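J.:
In UniProt numbering, the protein residues as written are 1 to 174.
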């Protein structure tokens, strides 16, 4: 982000805020969709995230870390939305959502592995996103979600295994 847009956003300049939104909304929406299946939920979280970004921007001392700071806000808002929907719980026995045969045939290369995340259980998908996509360590994930580190590790392994199975199904049906 250019320094002048950052300064103008801090001064509540609506045009600068629109430019900032246009620059980041697509990227942040993809993050929201990795956590939330429903487009409306993802759009709501995106809007909430930008509200927080714009209202807390003056707290950010170094504009060069804006990307990481804003991304963390988006991820935290996604987690908050998941908690509101139902208390976050993980079960090792949690079964992944079966991929119907018709859906397997329609999974195209362009949708890639990210689309396959939607076929994982919500808790498993959330932990996998935090670890593999966002780069959080298991210890921090455990703190964020009030689970054990072992649960975090096992859910990432479970997700990897299921994603490998789904990729094989996709390859077989292609």
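Positions of the beta carbon are idealized from the N, C-alpha and C atoms, including for glycine.
On a predicted model such as this, the values are computed, not experimentally measured, just so you know.
Between which two residues does the alpha helix (DSSP H) holding residue 158 run?
T.: 149-172
J.: In this structure, how does DSSP classify residue 62 when only helix, strand and coil are distinguished?
T.: coil
J.: Return the CA-CA distance between residue 150 and residue 143, expressed in angstroms with no decimal places.
T.: 12 Å
J.: Taking residue 17 and residue 54 to be in contact with their CB atoms under 8 Å, please state how far apart those CB atoms are, rounded to whole angstroms.
T.: 6 Å
J.: What is the DSSP secondary structure of residue 146, counted as helix, strand or coil?
T.: coil
J.: Counting only runs of 4+ residues fully inside the UniProt domain "RNA polymerase sigma-70 region 2" (20-86), write out the alpha helix (DSSP H) ranges in chain order.
T.: 39-56, 66-85
J.: Taking only three categories from DSSP, how would you classify residue 139?
T.: helix
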